[in-house]
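Student:
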């Protein structure tokens, strides 16, 4: 979860009642304009006519699945990848193509006969990994060479804590169809449930039809708030100070991790996003779903890694830890408890739980 | 469209920023409570644990289709019925069982082998029809006898302009599974995009899983506004005065219709809802989709009736007219233009269009 301290306030919210009428399925035109301009500034050649406003970017996954997946369709995904995308793809009958850990090293042959490739190139969920420019080129080339549509999911790009290339992979495509989606849940506020999808010109009308069938149109009040927040002159400064606070939390989390997990797990320091991804050392390999139950009894919650894997196999002993929400003190305390549970699985918990 | 004069204002909107965090997929518990209490007061035995808050009731149609429809599934629908429900059911592969004009006269045999029966018993869209108590009993009995799930869509029940039974048909079921859904778009404001679904106890967890996959959870800001509006002590008085204004518009519309369409079409006076449903007389039978094009050139919009029919056949020469949105004067002028276009299809429109 993002930190609630970063959410906008409603002090100056003068909402016109006209936005309470039905609105266009595509979204508010002023917001579509801003989304297209921001993406064009990041190198993705697009116009407002290619933008669809969503009730959160989870909805884009549902719409892409509806348009592209038939029973038995093959989908190329990172391994691990966003578990709620896997759930939707499976629901519509997809089968997953076993891929390298990320799609930055895949070939056109691997993508052949895939309905699409789904990738989170910036600060991936759950691994935190950010594709290098070479990997971005490689994925784009593989999609172009195999004419495989690229579905790029990019909710975290604004949360970079180091200088790093976060340009859309879709911008590097020359021929392949593409769908790029973004979210305001991480950089603004999740409760607004607003995201957007931008796509190749000939795809948009299909997505608009599916969007209309799914829920007519996105929430207009949230669209109004997001538009005004994005165009607020103070927005860049706020975003920069948010990055600073998240960077400080990440660095403190890393220190705590070294103390508690130095002999227990391996991880890389994420250069952006919200997560550390830990692989437990060989002697501590467990199904972390069992660990979760015991951790919650001690007041600590985390995400088990297993559900992020599309196919069976090398999926045990991984956990995803969020560093943006808890205070430094709480995170430090939680990590100690978690490491203790992993190292002493049989120990009796203290009677005073919290 | 509802009349914008009826929308709530935001003068006293003190929104807590805590609602901007992620929320529960089921919806805000206080709002689920209120929804359950209101339905219990209308005779439907249910608790808050059976309620799912939706981003508009269109979303309920998508979720029900996902849960119940496989390719070639048979669905029982009224003829005509809500066109955007037909679109969704078709998308998921449904076939439609030819039914009497409404489901109040169907038998258990007709429903046998149907995945579910979809009905809008109160002030139906598009016909405006309200089921009699006998018809309600009949539909419930047919569902019970054939163990067919009933999907009851009820967005208009609060917009009654005469004293009439609007109790949920689901409340009359004894055995059949049921899904009841309602909306805040008509009685409150469409731009909030909020509705709800209530169902048999064992169905809810499936809908929650599908809801989470579709868009995680519903807009929390809208949930907050709806909760505070519904529990506002002035709400019943506001609703009553809204009914009075809509009733006045309906009555004025009826007078205008008699003037312009008395020799052109047949219709019944709706006892609630937002629509008049006209069947053109034999000599004026046309595909009203062609009429729409010419009407828009003259500044008049209406809904052609043809798309509301699930199957080919007796679908020509029907139109749906909304009486809640336009002023009495504008409605009167629009009806004159429309009748003129129907009676003189070859006439050259005046050069000054509006």
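Protein chains in written order, with our numbering: chain S, 920 to 1273; chain A, 920 to 1273.
In this text, a Cβ means the ideal position worked out from N, Cα and C, and glycines have one as well.
All values reported here derive from a predicted model rather than from experimental measurement.
For residue 1140(A), go through chain S and note every residue whose CB falls closer than 8 Å to its CB, in chain order.
Tutor: Those are 1110, 1111, 1138, 1140, 1141, 1144, listed as they occur along chain S.
Student: In the DSSP output, which residue or residues are listed as bridge partners for residue 1102(A)?
Tutor: Bridge partners of residue 1102(A): 1114(A).
Student: Check each residue of the stretch 1005–1036 of chain S: if its Cβ is closer than 8 Å to any Cβ of chain A, include it; give the result in chain order.
Tutor: Listed in sequence order: 1006, 1007, 1010.
Student: Less than 8 Å separating the beta-carbons of residue 1132(A) and residue 1126(S)?
Tutor: For residue 1132(A) and residue 1126(S), no; Cβs fall outside 8 Å.
Student: Could you tell me which residues DSSP puts in a beta bridge with residue 972(S)?
Tutor: According to DSSP, which records beta bridges pairwise, residue 972(S) is partnered with 1115(S).
Student: If you measure from the beta carbon of residue 974(A) to each beta carbon in chain S, is any gap under 8 Å?
Tutor: Chain S, which has a Cβ nearer than 8 Å to the Cβ of residue 974(A), makes this yes.
Student: Under the three-state reduction of DSSP, which class applies to residue 1261(A): helix, strand or coil?
Tutor: Three-state DSSP puts residue 1261(A) in a helix.
Student: Which partner residues of residue 996(S) appear in the DSSP bridge assignment?
Tutor: Its beta-bridge partners are 1037(S).
Student: Within the chosen definition, does the stretch 1183–1202 of chain A reach the stretch 1238–1258 of chain A through at least 3 CB pairs nearer than 8 Å?
Tutor: Yes, the stretch 1183–1202 of chain A is in contact with the stretch 1238–1258 of chain A.
Student: Quick one: give me the first and last residue of the beta strand (DSSP E) that residue 1237(S) is part of.
Tutor: 1237–1241 is the extent of the beta strand (DSSP E) around residue 1237(S).
Student: Between residue 981(A) and chain S, is the shortest Cβ-Cβ distance under 8 Å, so that the two count as touching?
Tutor: Interface residue, yes.
Student: For chain S, is any of its Cβ atoms less than 8 Å away from the one on residue 1272(A)?
Tutor: Because the pLDDT at residue 1272(A) is just 45, under 50, the model does not fix this residue reliably, and the point stays unresolved.
Student: Short of 8 Å in beta carbon distance, which residues of its chain neighbour residue 1028(A), apart from the five on each side in sequence? Order them along the chain.
Tutor: Taken in chain order, the residues that qualify are 1065.
Student: Within the continuous beta strand (DSSP E) that includes residue 1278(A), where are the two ends?
Tutor: With chain A running from 920 to 1273 in the structure shown, residue 1278(A) is simply not present.
Student: Measuring only the C-alpha atoms, how far is residue 1004(S) from residue 1135(S)?
Tutor: Answer to the nearest angstrom: the Cα atoms are 22 Å apart.
Student: Could you name each continuous alpha helix (DSSP H) segment of 4 residues or more that falls completely within the stretch 1051–1094 of chain S, going from the start of the chain to the end?
Tutor: Runs of the alpha helix (DSSP H) inside the stretch 1051–1094 of chain S: 1052–1065.
Student: Quick check: what's the CA-CA separation for residue 1273(S) versus residue 1091(S)?
Tutor: Annotation note: pLDDT 43 at residue 1273(S) (below 50); position unreliable, no value reported.
Student: Nearest chain A C-beta to residue 938(S) closer than 8 Å, yes or no?
Tutor: At least one chain A Cβ lies under 8 Å of residue 938(S).
Student: Quick one: any contact between the stretch 1145–1163 of chain A and the stretch 1036–1047 of chain A, if contact means 3 or more CB pairs under 8 Å?
Tutor: No, they do not touch.
Student: Relative to the alpha-carbon of residue 1061(S), which residue among 1074(S), 1048(S), 1085(S), 1036(S) has its alpha-carbon at the smallest distance?
Tutor: It is 1036(S) whose Cα lies nearest to the Cα of residue 1061(S).
Student: Can you look up residue 1273(S) in the DSSP assignment and give me helix, strand or coil?
Tutor: Since pLDDT at residue 1273(S) reaches only 43, below the 50 mark, its modelled position is unreliable, and the value read off the structure follows with that caveat. Here residue 1273(S) sits in coil by DSSP.
Student: Would the beta-carbon of residue 1179(S) be found less than 7 Å away from any heavy atom of the ligand MG?
Tutor: No copy of the ligand MG appears in this structure; indeed no ligand is present at all.
Student: How is the beta strand (DSSP E) around residue 1126(S) delimited, first residue to last?
Tutor: Where residue 1126(S) is concerned, there is no enclosing beta strand (DSSP E), although the alpha helix (DSSP H) it sits in stretches over 1123–1134.
Student: Between the Cα of residue 1076(A) and the Cα atoms of 1026(A), 1224(A), 1180(A), 957(A), which residue gives the shortest distance?
Tutor: It is 957(A).
Student: Which complete alpha helix (DSSP H) runs does the stretch 1132–1163 of chain A hold, if anything under 4 residues is left out?
Tutor: List check, alpha helix (DSSP H) in window: 1139–1149.
Student: Taking Cβ positions only, does residue 1135(A) come closer than 8 Å to chain S?
Tutor: Yes, residue 1135(A) lies at the interface with chain S (some Cβ there is under 8 Å from its Cβ).
Student: Run through chain S and tell me which residues come within less than 7 Å of residue 1192(A), C-beta to C-beta.
Tutor: Correct list: empty, because the minimum Cβ distance to chain S is about 16 Å.
Student: Please list the terminal residues of the continuous alpha helix (DSSP H) segment that includes residue 1002(A).
Tutor: Where residue 1002(A) is concerned, the enclosing alpha helix (DSSP H) stretches over 1002–1010.
Student: Who are the neighbours of residue 955(S) on chain A, taking C-beta pairs under 9 Å?
Tutor: The premise fails here: residue 955(S) is roughly 22 Å from chain A at the closest Cβ pair, so nothing lies under 9 Å.
Student: Could you check whether the Cβ of residue 1173(S) sits closer than 8 Å to any Cβ belonging to chain A?
Tutor: No, its Cβ sits nowhere closer than 8 Å to a Cβ of chain A.
Student: For residue 1229(S), decide whether its Cβ has a neighbour in chain A, counting only Cβ atoms nearer than 8 Å.
Tutor: Output row for residue 1229(S): interface = no.
Student: Please report the Cβ distance between residue 1110(S) and residue 1100(S), rounded to the nearest whole angstrom; I am assuming they are in contact, meaning their Cβ atoms lie under 8 Å.
Tutor: Not a contact, Cβ separation roughly 19 Å.
Student: On the DSSP bridge list, what partners appear for residue 1029(S)?
Tutor: DSSP, once it has assigned bridges, lists no residue as partnering residue 1029(S).
Student: Which partner residues does residue 1196(A) have in the DSSP bridge list?
Tutor: Beta-bridge pairing links residue 1196(A) to 1239(A).
Student: Between residue 977(A) and chain S, is any beta-carbon pair separated by less than 8 Å?
Tutor: Yes - at least one Cβ of chain S is within 8 Å of the one on residue 977(A).
Student: I think residue 999(A) touches residue 1046(A), with their Cβ atoms under 8 Å apart; what is that distance to the nearest whole Å?
Tutor: About 7 Å; that satisfies the 8 Å criterion.
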